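Here is the structure we will look at, set down as structure tokens.
In mature numbering (1 follows the signal peptide of the UniProt record, and there is no 0), the protein residues as written are -31 to -1, 1 to 526.
Written out as structure tokens, the structure reads:
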């Protein structure tokens, strides 16, 4: 990516400022099939500058701190909106600019910090000089994006964080989920398992048949992008095959968005089936992106939805990520503000840490490549583990694909500083060269769960050997939903943003993972090895994996 911020003088004497701070080449897997018709309708999202973002961050710290008198005193959507709503001047400047440009079909959200506007490609290129819209395709998907940066008047620039729907191409969901990976299964002994199922997870993490949801006001959710659909029939079959021994639901309670008519995706099937297995008997929502010709950014659409719905599930798990260096800082900072808004409402956001280990950025000098939102300081990031013996419910070791590392953009939050410092000192002799990562950045993941060798039902077929942190994330999410359930039954507030409390536990109530390393750059200096697990926190498995009854006790206090 070429990061740019250019001030120009237009032919009419007006100053214009290039608002895009990350101008990237078109990803190799997308094919340009030509310019869009001038009259084609586009939908762009204008992110208006919010007020009181610093205050929002301070308030989130307080409501998430178990030692604070204001712990768990969350705000309503209306309260959050009143706090961050753009100033009257910002709203007027942006709306007047759009109306003068002929853009009149806009709708806002309840917090008034996003405008979603429809316009033709011809008008969009006039409103945003420099932009040129083309259609791109990949594996049957179709998106409209601008191949060039855009500009806006400098008096408008100061009132906008970014314009969405122009540049960001969808990545494949969180990295590819590994499936159909054949392994030797000889010499199998009695009392073994042939892959991870709900009963195996319950045995490993000590959930009993009584550990199911009961509260009337509890719910959980998964979010799907990139046309990943789940099948209600697959969910029924999955529960009939693997759901014995505990009370559970066999259907999703609410779908937000448009379910596609195509085949069910492994990713969506995995997420739905396993959050409903650990978070058993708890109402579950599915957020899904609409149709096949999606010209908007589905992740951004999901964020806008959260800003426009007053009643939402308490736990959301998302198996999605971009390379941190492929995004503009302005974009990521604004998404962080949206995460803070969710935390202030008592919502727990869990993101998969990724399936590329430490990652690798090959430039003049190799370096590790953090993933976002995994690197956000305002979400709980979940890494992955494997059984030491893949066929028995044994102790866990690092799954070599488990994403983890240090942000190059966001500083290390106070809640994790001592834990990370201890790791860096303890492991100093075996750490990768410091030039590969930023020791002062937000470190992730925060915790982990099994991410290897799952059974999933997809398109009515039981599929083995499905792996990835896309599996571990809904598993942890379901258990946090169960803990929320018990807190609600006792009249306690839900967990909300978990990290300050999680790090306060210092590994209590989690199985520490101390073996194994994850992958990284294949070069002479690191030879494919990134960070390694260690006692207490590490940037591969975080604090470890849940021991549910102990974690429940610790988080009910």
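We put the beta carbon where it would ideally sit given N, CA and C, even for glycine. Computed from a predicted structure; not experimentally measured.
Counting every other CB atom within 10 Å of its CB across the protein chains shown gives residue 74 a total below 16, marking it as exposed.
Under DSSP, residue 110 takes part in a beta bridge, and its partners are 107. Annotation for residue 61: the continuous alpha helix (DSSP H) segment containing it runs 57 to 69.
Bridge partners of residue 86 according to DSSP: 13, 75.
For residue 354, the uninterrupted beta strand (DSSP E) run begins and ends at 349 to 356, by DSSP.
Within the DSSP bridge table, the entry for residue 192 names 256, 287 as partners. Rounded to the nearest whole angstrom, the CA to CA distance from residue 311 to residue 493 is 43 Å. Pairing residue 485 with residue 352 gives a Cβ-Cβ distance that is not under 8 Å.
Here residue 373 is near residue 327, since their CB atoms are less than 8 Å apart. In this structure, the straight-line span from the alpha carbon of residue 277 to that of residue 83 is close to 10 Å. According to the DSSP assignment, residue 389 belongs to the alpha helix (DSSP H) that extends over 386 to 395.
Boundaries of the alpha helix (DSSP H) harbouring residue 247: 235 to 247, taken from the DSSP string. Nearest to residue 356 by C-alpha distance, out of 320, 341, 418, is 418. Pairing residue 193 with residue 255, the inter-Cα distance amounts to about 7 Å. Apart from sequence neighbours up to five positions away, no residue of its chain approaches residue 65 with a beta-carbon distance below 6 Å.
Here residue 89 is near residue 10, since their CB atoms are less than 8 Å apart.
In the DSSP assignment, residue 321 falls within the beta strand (DSSP E) that extends over 317 to 321. Taking the C-beta atoms as reference points, residue 16 is found nearer than 8 Å to residue 133. A straight-line Cα-Cα distance of about 13 Å links residue 313 and residue 279. Between residue 22 and residue 97, the alpha-carbon positions lie close to 27 Å from each other.
By the Cβ rule, the stretch 400 to 419 counts as touching the stretch 323 to 343, because three or more pairs are nearer than 8 Å. Straight-line spacing of the CA atoms in residue 507 and residue 70 works out to 52 Å. At the C-beta level, residue 247 and residue 447 come within 8 Å of one another. Note: residue 102 is bridge-paired with 115 in the DSSP secondary-structure output. Your pair residue 269 and residue -1 does not check out as a contact, with CB atoms roughly 23 Å apart and the cut at 8 Å. For residue 502, the secondary structure class from DSSP, reduced to helix, strand or coil, is coil. For residue 133, the pairing in a beta bridge is given by DSSP as 14. The C-beta distance from residue 450 to residue 437 rounds to 21 Å, too long to fall under 8 Å, and the pair is not in contact.
Residue burial annotation: residue 430 is exposed, with fewer than 16 other C-beta atoms found within 10 angstroms of its C-beta.
Distance from the CA atom of residue 61 to the CA atom of residue 103, rounded to whole angstroms, is 31 Å. Put simply, of 465, 516, 117, 185 the residue whose alpha carbon is nearest the alpha carbon of residue 308 is 465.
Residue pairing by DSSP places residue 459 in no beta bridge whatsoever. For residue 367, the enclosing beta strand (DSSP E) covers residues 365 to 367. Under DSSP, residue 336 shares a beta bridge with 330.
Non-local beta-carbon contacts of residue 504 in its own chain, meaning distances under 8 Å to residues more than five positions away in sequence, involve 395, 481, 483 in chain order. By the C-beta criterion, the stretch 180 to 187 is judged to be in contact with the stretch 455 to 462, since at least 3 inter-stretch pairs fall below 8 Å.
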